[in-house]
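Have a look at the structure below, then the notes.
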Amino acid sequence: MEDTQSVATLMDSTTSKIQQLQKAFAELESHRAVTLNLQWKQLEEHFNGLQKSLKRRFTELEDQEKEFETKIVQSTEILEKRQAAVIAKEQASLQRLQEKRDAAVSAISVVLEKHRNPCSVEPTVINCEVQDEPFVLEEKPDNLTEIGHVTGDTWKSFQDGAVEVKSYPELVNLCQNMDSEGLHKFISDNRKNLAALREEIPLALRASTNPASLVLDSLNGFYNSDVCISDAKKDANLLGLRRTCIMLLECLSTLLNTLDIDSISSIISENIRGRAKAIAEEWSPKLDELDVDANNGNSLEAHAFLQLLATFSISSNFNQENLSKLIPMVSRRRQTADLCRSLGLSDRMPGVIDVLINNGRQIDAVNLAFAFELTEQFPPVSLLKSYLNEASKASTPLNSGNASPTVQSDVNEKELSALKAVLKCIEDHKLEEQYLVDPLQKRVHQLEKVKADKKKATEVAKPQSKRPRPNGVGNGPRVNNVVTEKNFYPRMTDRYPQPAYDRPYAYPGPTSSHVPSFMGAPAYNFSPGHDFFGNGYHYQAPYLH
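So this is what it looks like as structure tokens:
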């Protein structure tokens, strides 16, 4: 500040110095012997120009200094607000942690009380041995609905058979018998209730003498030697098996999170860890054959590999850089953020998000940015706008009217999917105040209307195919007691041969279980329960025994 004042003082003194210079110049001119070409007016204009230039630059510096001071004040306020937000988050986290601790202590107390007197309450207990006989109780108190933290002594009691489940006691039997194939089949048969299974499998694994070995056994067949990697995504059975393997790995991880260190060490022994490492080393080269773009962030193979490393804590045996390159292959999986934290990849997430953005997957980038609190480095609104701009650019060349209806329909469908994905992302992360959704919703309604109109036009233009009614009557009116005078049915058979279906279809037939095996006389009296189509084809009615 003192330097500024001194500069201002020197600039103010320039006027007096110019006057002194003028007097000296006049005195010099009076004593000159030869006429000088240089006039005082020229010198005065030169010095005045210099003075104005200096004042202008000085004023600019003052403005810049004021702007800098304003920015400092604003930055200080922002830092104070962030500090207050961090403190509030810390307090909220401490409060949640305390609540979890209290819940864990309560669960431990309940489990210990149950272990001391296992038959005084009435939970659902599977194979609780009392006098060498299996003892089964049917009801379960409300205070045993959660998985509590388990100590080493309590884990031994689980191995002795005290395991409580709510809906699927068969799971406990399968885990006790170490039946990995039966476990796969049971999960496949009950795949419509995966949410309930996901809650009860960790409980059932407690009944196993070696739950980690059971889960490793269940991974057999994850890579079927009879199916090449490129065709694996078309094999529904293999896809189901892989999803089941991933769920079992996650359930084992859930179980381990409820145990103390001693119990975890007894389950994840060095032998088990070695088996898991061997499986991971076998799977790792196969991941190089995967197509990153084809999987579109939903690769079951990469997910299973990362979950295997996280569950058995063997990620340190693999290169972290290579692991981070697998994250874009699973970016659409809901477990991605937790997997990255478990594998120690949180510090590599900015690079992963950059890769997603460069590949046009801004939606996944926004989700990870929120999960790892990187929204300042990667603004979500600008990413979503960029995603929609790229989708619009892809459809711009086709809006001229030169594209075929099929191609234009595909482009509209892609744009509609992009708009819905952005709206879903805005809703999930509560960005309505930062990104107006009304224009997006209007565009969605417009595209849906175009799609509906096209569908109606296609249905109108499509010829209606005539099909026989299920009750055996054709499209024509019902005719009874008609005597055919010409060889009608053989011609129909030659003209319209009966198609061969891949599998039989059961049509509703008569109440009688006896069906004629051939057509009778030329006169056909069709009763309400006849077994013939309107075109004369005979079909087999189902027997109802």
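According to UniProt numbering, the sequence shown is numbered sequentially starting from 1.
Glycine included, C-beta positions come from ideal geometry on N, C-alpha and C.
L259, DSSP secondary structure in three states: Here residue 259 corresponds to residue number 259 of the sequence shown, with the count starting at 1. In the structure shown, L259 sits in a strand (DSSP, three-state: E or B).
List the endpoints of the continuous alpha helix (DSSP H) containing V352. One-based indexing of the sequence shown puts residue 352 at position 352. M349 to N358 is the extent of the alpha helix (DSSP H) around V352.
Rounded separation between Q362 and N173 - CA only: In the sequence shown, the residue the question calls residue 362 occupies position 362. In the sequence shown, the residue the question calls residue 173 occupies position 173. Distance between the alpha carbons of Q362 and N173 is about 46 Å.
Taking the straight line between their C-alpha atoms, what separation do you get for N224 and L239? As a working note, residue 224 is residue 224 in the sequence shown. As a working note, residue 239 is residue 239 in the sequence shown. Taking the straight line from one Cα to the other gives about 11 Å.
Determine the burial state of T9: buried for a count of at least 16 other Cβ atoms within 10 Å of its Cβ, exposed for fewer. As a first step, residue 9 must be located in the sequence shown, where it is residue number 9. Counting Cβ neighbours within 10 Å, T9 comes out exposed, since fewer than 16 surround it.
Are the Cβ atoms of C175 and A196 separated by less than 7 Å? On the sequence shown, residue 175 is found 175 positions in, with the first residue counted as 1. On the sequence shown, residue 196 is found 196 positions in, with the first residue counted as 1. Result no, Cβ atoms of C175 and A196 do not sit closer than 7 Å.
Under 8 Å Cβ to Cβ from P405, same chain only, skipping five residues before and after it: list those, please. On the sequence shown, residue 405 is found 405 positions in, with the first residue counted as 1. Excluding residues within five positions, the ones whose Cβ falls inside 8 Å are K454.
When the Cα atoms are used, what is the spatial distance from S265 to I314? Counted from its first residue, the sequence shown places residue 265 at position 265. Counted from its first residue, the sequence shown places residue 314 at position 314. In a straight line, the C-alpha of S265 is about 14 Å away from that of I314.
Less than 8 Å between C-beta atoms, sequence neighbours within five positions excluded: which residues of the same chain meet that for S374? Position 374 of the sequence shown holds residue 374. In the sequence as displayed, the identity of residue 374 is Leu instead of Ser. Within the same chain, M349, P350, I353 and L368 come within 8 Å of L374 by CB-CB distance, once the 5 residues on both sides are set aside.
On a Cα-Cα basis, can you pick out the residue from N358, P379, L326 and K52 that is closest to Q434? In the sequence shown, the residue the question calls residue 434 occupies position 434. Nearest C-alpha to Q434 among N358, P379, L326 and K52: P379.
Could you check if S218 is buried or exposed, using at least 16 other CB atoms within 10 Å of its CB as the buried criterion? Sequence index remark: in the sequence shown, residue 218 carries index 218 (1-based). Label assigned to S218: buried.
Q335, DSSP secondary structure in three states: Within the sequence shown, numbered from 1, the residue matching residue 335 stands at position 335. In this structure, Q335 counts as coil in the three-state DSSP scheme.
Distance check for F370 and H429, CA to CA, integer angstroms please. Sequence index remark: in the sequence shown, residue 429 carries index 429 (1-based). Sequence index remark: in the sequence shown, residue 370 carries index 370 (1-based). About 8 Å.
Identify which residue in E321, Y387, Q307 and E80 has its Cα closest to the Cα of R334. What you label residue 334 is simply residue 334 of the sequence shown in a count that begins at 1. It is Q307.
I'd like to know whether the C-beta atoms of T254 and I187 end up nearer to each other than 7 Å. Start at 1 with the first residue of the sequence shown, and residue 254 comes out as number 254. Start at 1 with the first residue of the sequence shown, and residue 187 comes out as number 187. Not a contact, by the Cβ cut-off of 7 Å.
In the DSSP assignment, the alpha helix (DSSP H) including I201 goes from what residue to what residue? Residue mapping note: residue 201 aligns to position 201 of the sequence shown, counting from 1. Start and end: L194 to L205.
With H, G and I counted as helix, E and B as strand and the rest as coil, what does DSSP make of K81? In the sequence shown, the residue the question calls residue 81 occupies position 81. When DSSP states are grouped into helix, strand and coil, K81 belongs to the helix group.
Select from S167, S106, L216 and K393 the residue whose C-alpha is nearest the C-alpha of H184. Taking the sequence shown and counting its residues from 1, the one referred to as residue 184 is at position 184. Closest option to H184, Cα to Cα, is L216.
For S284, which residues from the same chain have a beta carbon less than 8 Å from its beta carbon, with the 5 sequence-adjacent residues on both sides left out? Against the sequence shown, residue 284 aligns to sequence position 284. Apart from the 5 residues on each side of it in sequence, S284 sits with its Cβ closer than 8 Å to the Cβ of F305 and F318 in its chain, given in chain order.
Going by beta carbon distance, what residues of the same chain come within less than 8 Å of F68, once the five residues before and after it are set aside? What you label residue 68 is simply residue 68 of the sequence shown in a count that begins at 1. So no residue of the chain qualifies.
Anticipated Cβ contact below 8 Å, V366 with P328, distance rounded: On the sequence shown, residue 366 is found 366 positions in, with the first residue counted as 1. On the sequence shown, residue 328 is found 328 positions in, with the first residue counted as 1. Not a contact, Cβ separation roughly 14 Å.
In terms of residue numbering, what span does the alpha helix (DSSP H) encompassing S409 cover? Here residue 409 refers to the residue found at position 409 of the sequence shown. Note, S409: alpha helix (DSSP H), P405 to H429.
Would you mind sorting H46 into buried or exposed? The rule is 16 or more other CB atoms within 10 Å of its CB. Here residue 46 is taken as the residue at index 46 of the sequence shown, counted from 1. Per the 10 Å Cβ criterion, exposed.
Backbone secondary structure at N210 - three-state DSSP: By 1-based counting over the sequence shown, the position of residue 210 is 210. Of the three classes helix, strand and coil, the one that applies to N210 here is coil, per DSSP.
Just checking, does the region 270 to 283 make contact with the region 337 to 345 on the three C-beta pairs under 8 Å criterion? no
In or out: K17 buried (at least 16 other Cβ within 10 Å) or exposed? Position 17 of the sequence shown holds residue 17. Exposed, because fewer than 16 other Cβ atoms sit within 10 Å of the Cβ of K17.
Kindly list the residues whose CB is nearer than 7 Å to the CB of E390, restricted to its own chain and excluding five residues on each side of it in sequence; keep chain order. Here residue 390 is taken as the residue at index 390 of the sequence shown, counted from 1. G360, listed in sequence order.
Within 10 Å of its beta-carbon, does T458 have 16 or more other beta-carbons around it, so buried, or fewer, so exposed? Residue 458 sits at position 458 when you count from the first residue of the sequence shown. Around the beta-carbon of T458, fewer than 16 other beta-carbon atoms lie within 10 Å, marking it exposed.
Between the CA atoms of S386 and L440 - distance to the nearest angstrom: By one-based count along the sequence shown, residue 440 stands at place 440. By one-based count along the sequence shown, residue 386 stands at place 386. The alpha-carbon atoms of L440 and S386 are separated by roughly 14 Å.
First through last residue of the alpha helix (DSSP H) which encompasses I279: The residue you call residue 279 lines up with position 279 of the sequence shown. Run containing I279: E270 to L287, per the alpha helix (DSSP H) assignment.
Since E376 is in the alpha helix (DSSP H), which residue starts that stretch and which ends it? Residue 376 sits at position 376 when you count from the first residue of the sequence shown. E376: not part of any alpha helix (DSSP H); DSSP gives it neither H nor E.
Which residue from G182, C251 and L419 puts its Cα closest to that of T311? Counting from one through the sequence shown, the residue named residue 311 turns up at place 311. Comparing Cα positions, the closest option is C251.
Does S16 come out as helix, strand or coil in the three-state DSSP assignment? Locating residue 16 in the sequence shown gives position 16, counting from the first residue. Reduced to three states, the DSSP call for S16 is helix.
Hey, how far is the Cα of S417 from the Cα of S409? Indexing the sequence shown from 1 puts residue 417 at position 417. Indexing the sequence shown from 1 puts residue 409 at position 409. Each residue's Cα considered, the two are about 12 Å apart.
Can you tell me the Cβ-Cβ gap for L447 and E415, rounded? I've got them flagged as a contact below 8 Å. Position 447 of the sequence shown holds residue 447. Position 415 of the sequence shown holds residue 415. Right, the Cβ-Cβ distance comes to about 6 Å (below 8 Å), so this counts as a contact.
Among P169, I108, N271 and V411, nearest to K393 - alpha-carbon criterion: As a position in the sequence shown, residue 393 is number 393, starting the count at 1. Out of P169, I108, N271 and V411, V411 has the C-alpha closest to the C-alpha of K393.
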